[in-house]
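The structure appears below as structure tokens.
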Amino acid sequence: MKILLIYSSKTGNTKKVAEGIYKILPEGSVLAPVEDNVNPEEFDLIIIGFWVDKGIADEKARKYMKNIKGKKIGLFGTLGAYPDSEHAKKSMRRTKEIVEYENEIVGEFLCQGKIDSKLTKNFEKLPPNHPHAMTEETRKRHEEASKHPNEDDIEKAQSVFKDLIYSL
Ligand SMILES: Cc1cc2nc3c(=O)[nH]c(=O)nc-3n(C[C@H](O)[C@H](O)[C@H](O)COP(=O)(O)O)c2cc1C
Numbered sequence: 001m002k003i004l005l006i007y008s009s010k011t012g013n014t015k016k017v018a019e020g021i022y023k024i025l026p027e028g029s030v031l032a033p034v035e036d037n038v039n040p041e042e043f044d045l046i047i048i049g050f051w052v053d054k055g056i057a058d059e060k061a062r063k064y065m066k067n068i069k070g071k072k073i074g075l076f077g078t079l080g081a082y083p084d085s086e087h088a089k090k091s092m093r094r095t096k097e098i099v100e101y102e103n104e105i106v107g108e109f110l111c112q113g114k115i116d117s118k119l120t121k122n123f124e125k126l127p128p129n130h131p132h133a134m135t136e137e138t139r140k141r142h143e144e145a146s147k148h149p150n151e152d153d154i155e156k157a158q159s160v161f162k163d164l165i166y167s168l
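Mapping the sequence shown onto UniProt numbering, position 122 (from 1) lands on 122, and the numbers just tick up by one.
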């Protein structure tokens, strides 16, 4: 089975997870940033890594996904929210909708990734009544995100995709 691992990463979090997953893939698998625009046609399983941007996979990842048809797909992403939050679940659900009609989704994984400090600063400038204004809870979440992806996240991602590959 030929495996392609494509990732889109703006600040390096998703890239770090991608490189971790790549380590457990069989020899001959291909790892590439989305910008390389590798043709998915010659692969059987395509694992796509994205970062969450406004509640869905980022634009580069989405654009790449739209060109894939008739493949087995694994999805993984990093985001600022907790991976078990409603926001995370919704972001994954919305992302899956892009590929699930033309392909078969066989695995998925999400973990937190540190949030660009520019974004945190922008949130801090918002008035208290704004839906994205910084609260004690948001501050705590941004602080927790700043520790991710960590070794534990990478191990979990490796385990998800290792199990997946052996099950196919
Ligand atoms: C412009 C922008 C929008 C973002 N939107 C979301 C979002 O909607 N939900 C979320 O949980 N995290 C959001 N994040 C946080 C990123 O998804 C998170 O930091 C991710 O790990 C970045 O991945 P990267 O380092 O691979 O680029 C956003 C970050 C930026 C910079």
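Think of the CB as a built atom: it goes at the ideal place given N, C-alpha and C, for glycine as much as any other residue.
Distance from the C-beta of residue 146 to the nearest heavy atom of ligand 1 is not below 7 angstroms.
The residue from 34, 16 and 79 with its alpha-carbon nearest to that of residue 6 is 34. Non-local beta-carbon contacts of residue 24 in its own chain, meaning distances under 6 angstroms to residues more than five positions away in sequence, involve 158 and 162 in chain order. Taking residue 55 as reference, the option from 165, 136, 110 and 164 with the minimal CA-CA separation is 110. By a beta-carbon distance limit of 8 angstroms, residue 13 contacts residue 51. Their separation comes to about 7 angstroms.
Excluding residues up to 5 positions away in sequence, 65, 68, 73 and 105 lie with their Cβ nearer than 7 angstroms to the Cβ of residue 99 in the same chain. Counting only residues of its own chain and dropping the five nearest sequence neighbours on each side, residue 116 has a CB closer than 8 angstroms to the CB of 10 and 11. Residue 150 has its CB no nearer than 7 angstroms to any heavy atom of ligand 1.
Secondary structure note for residue 143: its alpha helix (DSSP H) is the uninterrupted segment 136 to 145.
For a cut-off of 8 angstroms, the C-beta gap from residue 47 to residue 76 is around 7 angstroms, short enough to register as a contact. When secondary structure is reduced to three states using DSSP, residue 42 falls in the helix class.
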